[in-house]
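S.K.:
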Amino acid sequence: MDFVDFLREMLGITDDFAITSIVKDEENKIIKIHLKYLNTHFVKEGKRYKLYDTTPEREWQHLNWFDYRCYLVCSLPRYLSEDGKPKVIDIHFAPK
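Take 1257 as the starting number for the sequence shown in the numbering used here and just add one per residue.
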């Protein structure tokens, strides 16, 4: 298992996201793992929705790694639901 696969498994990052960079801030003891959504659509309850934009970049604090605070950083895609309202895709690595 390579390091990226290990991170994905430990942090609950699904295959529809890529780890684009890992930034270590030694002075503040912070690790930021940047993610990007890979698909052009989102499937929910068997229905396929086209993505139309993304949210501003957000951070979620995850489990600490030794002495470092760990954050996941990502702009989440949005889609239009059947009622025409924008919704953010469901993710597994952050609380709802």
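Every residue gets a Cβ at the ideal spot worked out from N, C-alpha and C, and that includes glycine.
Which partner residues of Phe-1298 appear in the DSSP bridge assignment?
M.R.: Its beta-bridge partners are Tyr-1305.
S.K.: Closest to Tyr-1293 by C-alpha separation, out of Phe-1349, Asp-1272, Lys-1285, would be which residue?
M.R.: Closest by alpha carbon: Asp-1272.
S.K.: Got a sec? Which residues, its chain only, sit under 6 angstroms from Asp-1309 by beta carbon, not counting five neighbours each side?
M.R.: Arg-1334.
S.K.: Checking 8 angstroms against the spacing of the C-beta atoms, do Arg-1325 and Gln-1317 come in under that value?
M.R.: Taking 8 angstroms as the Cβ cut-off, Arg-1325 and Gln-1317 qualify as a contacting pair.
S.K.: Where does Phe-1273 fall in DSSP's three states?
M.R.: Here Phe-1273 sits in strand by DSSP.
S.K.: Helix, strand or coil: how does DSSP classify Glu-1315 here?
M.R.: Glu-1315: strand per DSSP, three-state reduction.
S.K.: Taking the alpha carbon of Thr-1296 as the reference point, which residue from Val-1279, Lys-1288, Gly-1268, Lys-1306 has its own alpha carbon closest?
M.R.: Of the listed residues, the one whose Cα sits closest to Thr-1296 is Lys-1306.
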